[in-house]
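See structure below.
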Amino acid sequence: MKFCQFYRSEKDRAADLQRRVPVDARLGALIGDRIVDITDRAAQCADLRDPQFAGVLTAAVAMAPEFEALRGEVRTLSTDGGLMPEEVFFGPCVLRPSQFLDFYAFEQHVMTMRKKRGFDFIVPEWYEVPAYYNSNATSLIGHGMTAIFPAGEDKLDYECEMACIIGRPIRNATLETARSAIAGYATLNDLSARARQTKVMPINMGPSAGKDFGSALGPYLVTPDEIPDLGALGMRAFVNGEKWTDGRYGTVQHSFEAMIVFASASRWLYPGDLLGSGTVGGGCGAELGKFLKPGDTVRVEIDTLGTVENRVERDR
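What follows is the structure, given as structure tokens:
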């Protein structure tokens with residue numbers, strides 16, 4: 171199943187995504203080539219404004235027991251009255267996760283970026299644990315929205331990633347329980363302000379303002395049953411229609427299950443929480459020695475999971 175949250179107008183989307191907890195998005199299921207609005211059906215199952223659902227409704231519908239009957243019904247719904255994707259204004263598929271953890275799990279990307287910083291090796295600890303940093307869970311944007319980079323930034327960059335969305339509360343996960351806690355996957359573009367990032371990284375407090383201003387999350391949460399082989403999924407990025415990235419998820423060093431095990435040690439992960447895979451090899455401009463410019467359009471796409479495309483601008 172593929173679930174999304176969408177709006178009928180750009181004005182509604184812009185207003186809702188400025189709220190601490192967005193509440194006006196419609197809930198959709200992609201059936202064939204049409205988006206069927208299932209908001210009213212979901213509201214018959216539970217109070218959609220309940221704090222455990224608001225802002226993370228796609229994850230709840232994909233896994234929470236309250237929506238079990240709805241999940242059984244979705245595949246048989248008529249597409250009469252359904253909307254074409256180009257007729258709606260997408261929010262990120264998870265509007266307000268409580269946590270956004272971004273990992274660093276592709277060896278080619280790690281090695282290339284370390285070489286650019288003057289190192290010709292990867293520290294052994296990288297192979298032992300799936301390291302991550304805490305990104306900004308309130309700065310997600312959706313497909314078709316404008317990506318606003320910080321004022322004065324002259325090294326605008328994208329990062330081609332996959333996202334994993336948690337579907338039930340989990341703490342001290344094992345690989346087996348981690349797998350059962352995954353609601354689905356999505357396409358992710360972790361936007362990066364490289365000049366800012368370069369400035370703050372020597373302080374050893376992480377990428378800080380170089381990465382917390384915005385990330386573009388794909389329109390669809392795709393449930394695991396739709397994906398026979400996650401490793402086979404191609405990951406690509408295009409800038410103004412030109413292919414810059416062509417990778418494959420199967421080159422990842424640490425699985426999402428391993429990430430969940432590491433991240434949930436002695437603490438909770440909650441429904442809707444977002445885990446980024448890190449950048450696939452060759453998956454950003456910094457690796458390629460070129461950057462985005464204001465006015466560019468960047469498109470990140472992953473087989474089965476779909477596309478997130480955004481125009482790039484700089485704040486004033």
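Residue numbers (our numbering): 171 to 486. No residue lacks a Cβ here, since even glycine has one placed at the ideal position from N, Cα and C. A quick note: this is a predicted structure, and the numbers were derived from the prediction, not measured.
Residue i (DSSP reduced to helix, strand or coil)
i           : result
residue 347 : helix
residue 231 : helix
residue 181 : helix
residue 223 : coil
residue 292 : coil
residue 175 : strand
residue 212 : helix
residue 274 : coil
residue 316 : strand
residue 252 : coil
residue 310 : strand
residue 244 : helix
residue 199 : strand
residue 207 : strand
residue 284 : helix
Burial state of residue i, where buried means 16 or more other Cβ atoms lie within 10 Å
i           : result
residue 175 : buried
residue 345 : exposed
residue 414 : buried
residue 451 : buried
residue 213 : exposed
residue 478 : buried
residue 364 : buried
residue 183 : buried
residue 299 : exposed
residue 311 : buried
residue 372 : exposed
residue 289 : exposed
residue 360 : buried
residue 465 : exposed
residue 302 : buried
residue 322 : exposed
residue 292 : exposed
residue 411 : exposed
residue 297 : exposed
residue 385 : buried
residue 234 : buried
residue 342 : exposed
residue 480 : buried
residue 463 : exposed
residue 488 : This structure does not reach residue 488, given that the chain is present from 171 up to 486, and the question cannot be answered.
residue 179 : exposed
residue 294 : exposed
7 angstroms Cβ cutoff met for residue i and residue j
i           : j           : result
residue 206 : residue 252 : yes
residue 263 : residue 445 : no
residue 494 : residue 232 : Within the shown structure, residues of the chain are numbered from 171 to 486, placing residue 494 beyond reach of any answer.
residue 286 : residue 461 : no
residue 390 : residue 403 : no
residue 249 : residue 204 : yes
residue 399 : residue 406 : no
residue 275 : residue 367 : no
residue 473 : residue 268 : no
residue 229 : residue 376 : no
residue 201 : residue 271 : no
residue 216 : residue 238 : no
residue 470 : residue 317 : no
residue 396 : residue 282 : no
residue 265 : residue 357 : no
residue 439 : residue 352 : no
residue 244 : residue 199 : yes
residue 485 : residue 320 : yes
residue 273 : residue 434 : no
Chain D contact for residue i (CB, 7 angstroms cutoff)
i           : result
residue 355 : No chain D appears in the structure shown, which is made up of a single protein chain.
Near the ligand GTP: residue i beta-carbon under 6 angstroms from a heavy atom
i           : result
residue 209 : With respect to the ligand GTP, the structure offers nothing, as it holds no ligand at all.
If contact is defined by three or more beta carbon pairs under 8 angstroms, each pair taking one atom from either stretch, is the region 312-329 in contact with the region 377-397? Contact holds: three or more Cβ-Cβ distances are below 8 angstroms.
To test your reading of the DSSP string, which unbroken beta strand (DSSP E) runs of 3 or more residues are found completely within the region 455-482? Along the length of the region 455-482, whole beta strand (DSSP E) runs at least 3 residues long occupy 467-472, reported in chain order.
To test your reading of the DSSP string, which unbroken beta strand (DSSP E) runs of 3 or more residues are found completely within the region 377-463? With a minimum length of 3 residues, the unbroken runs of beta strand (DSSP E) contained wholly in the region 377-463 fall at 385-387, 404-409, 412-418, 444-446.
Continuous beta strand (DSSP E) assignments of at least 3 residues falling wholly in the region 319-366: Listed in chain order, the complete beta strand (DSSP E) runs (minimum 3 residues) inside the region 319-366 are 330-336, 352-359.
Counting Cβ pairs, one atom from each stretch, are 3 or more of them under 8 angstroms apart for the region 186-203 and the region 221-229? Judged by Cβ distances under 8 angstroms, the region 186-203 makes contact with the region 221-229, as three or more pairs qualify.
Would you check if there are 3 or more beta carbon pairs closer than 8 angstroms linking the region 345-355 to the region 426-445? Per the Cβ contact rule, the region 345-355 is in contact with the region 426-445 (3 or more Cβ pairs under 8 angstroms).
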